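Residue numbers for the sequence shown follow my numbering, so the first one is 3 and each next one is one higher.
The structure appears below as structure tokens.
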Amino acid sequence: LADQRSNKYGYIHIDQHHDMWGDSEGWSFRRLNCGGFVKSIRGNTNASQVLTIGAQKVEDKIKGNPDFYHHISNYELKKSGVLCVAHALEKLPEDVYISIDLDFLEQEEITTGWLRGSFKKEMLLHCLAFIQEKKRVIGVDVCGWDANDQFGNTKIRYTPDAIKALAIHYDLAGLILNP
């Protein structure tokens, strides 16, 4: 979809995880998967650059590609807020595609099937509003809520978590569709 809307766009990946795992780490590139798709964006899309926000331990994944991969750590985002986002956005083209994984948010915001981030929903909404103000958003996806935990066990708090997930999706859709 993003490739149909733009010949050159930035891919913004807001996530607790970098999703750049490779074959040597147990993630096969023979098929698209949740652990390695960001790494495959470089050769398979019109994305000219990738910005990861919040992902842990991404430095070793992006070294050698300073013009393609950019990163804002949890620490930088907590310390500087949207100022570090502003600096990173200067490096991206006008068109951007945003991918949001709900595991970026802290446990109190929502339970997902993965290790948790450390941000409130308000910080996510603030970052998105800022990105929307500075760039032309050509598409957005939201993922990360699952009825099972990271070990495949059905969550005990399914109904409250489903309501939280829907509320977050509603807030995100409202922001994105009504800038």
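The C-beta atom is built at its ideal place from N, Cα and C for all residues, glycine as well.
Since the structure is predicted, the reported quantities are computational estimates derived from the model, not experimental observations.
- The beta carbons of Q18 and F132 sit no closer together than 8 Å.
- Runs of beta strand (DSSP E) with 3 or more residues, each lying fully within the region 63-125, are found at 71-74 and 97-103, listed in chain order.
- Scanning its chain for C-beta atoms nearer than 6 Å, with the 5 sequence neighbours on each side dropped, one finds around K166 the residues I112, in chain order.
- A distance below 7 Å between beta-carbons, with the five flanking residues on each side excluded, links R118 to the following residues of its chain, in chain order: Q18, D105, E108 and Q109.
- Beta-bridge pairing by DSSP links H15 to T54 and S101.
- In the displayed model, G146 falls within coil according to three-state DSSP, outside both helix and strand.
- Rounded to the nearest angstrom, the Cβ distance from I140 to A4 is 6 Å, consistent with a contact under 8 Å.
- Note on geometry: alpha-carbon atoms of R44 and G176 lie some 30 Å from one another.
- According to DSSP, residue pairing for G141 in a beta bridge involves Y99.
- For the set E96, H15 and S8, the Cα lying nearest the Cα of G146 is the one of H15.
- Within the same chain, and ignoring the five residues on either side of E96 in sequence, the residues whose Cβ sits closer than 7 Å to its Cβ are K137 and R138.
- In this structure, A88 sits away from H73, with a CB-CB distance that is not shorter than 8 Å.
- For S8, there is no enclosing alpha helix (DSSP H), as DSSP marks it with neither H nor E.
- Sequence-distant partners of V84 (beyond 5 residues in either direction) whose C-beta falls short of 8 Å from its own C-beta, in its chain, are H128, C129 and F132.
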